[in-house]
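Participant: If you scroll down you'll find the structure; I have some questions about it.
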Amino acid sequence: ARYWLRFEYLDNVQAARDFFTDTGNLGVFFSHQWTSFEAPDPTGQQFAAMKATLHALHQHHACPMDKIYVWLDYFSIPQVNENLKLNAILSLPTYVSLLSEFVIVAPNLVHAD
Numbered sequence: 001a002r003y004w005l006r007f008e009y010l011d012n013v014q015a016a017r018d019f020f021t022d023t024g025n026l027g028v029f030f031s032h033q034w035t036s037f038e039a040p041d042p043t044g045q046q047f048a049a050m051k052a053t054l055h056a057l058h059q060h061h062a063c064p065m066d067k068i069y070v071w072l073d074y075f076s077i078p079q080v081n082e083n084l085k086l087n088a089i090l091s092l093p094t095y096v097s098l099l100s101e102f103v104i105v106a107p108n109l110v111h112a113d
């Protein structure tokens with residue numbers, strides 16, 4: 001997402017609330033398991049499950065794909081700066097409460113390590 005410039009920066013609760021309630025945007029939170037110590041999804045199977053879920057939500061909500069916004073920890077939480085990472089993690093309950101869908105991605109996978 002970062003490289004395709006498809007980010008929305010929602011820097012405070014009011015901005016996030018407005019973005020998801022006043023615009024018809026659908027917020028989806030994906031919770032997933034890391035299946036290796038070095039990468040979140042080395043086989044791509046969890047990503048495939050997320051894509052299938054997004055298509056199902058698109059149909060269920062009759063929401064255009066360009067109005068669906070995904071929160072995924074690996075991309076949505078800063079990974080380099082530990083202070084920024086901690087602050088983002090601490091804000092999770094607030095942002096999750098504003099999203100329409102919470103999806104646990106847990107296909108039957110074996111940890112790579």
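Counting in the UniProt record's numbering, the sequence shown runs from 1 upward without gaps. Even glycine gets a Cβ: it sits at the ideal position worked out from N, Cα and C.
With respect to the beta strand (DSSP E) encompassing H32, which residues constitute its N-terminal and C-terminal limits?
Facilitator: Here the beta strand (DSSP E) through H32 covers L26 to H32.
Participant: Just to confirm the assignment, what range does the alpha helix (DSSP H) spanning F20 have?
Facilitator: Per DSSP, F20 belongs to the alpha helix (DSSP H) from V13 to T21.
Participant: Using a Cβ-Cβ cutoff of less than 6 angstroms, which residues in the same chain neighbour E38 once the five nearest sequence positions on both sides are dropped?
Facilitator: Correct list: empty, nothing qualifies.
Participant: Do F29 and L84 have their beta-carbon atoms positioned less than 8 angstroms apart in this structure?
Facilitator: For L84 and F29, no; Cβs fall outside 8 angstroms.
Participant: Starting from I89, trace the alpha helix (DSSP H) in both directions and tell me its first and last residue.
Facilitator: Note, I89: alpha helix (DSSP H), E82 to L90.
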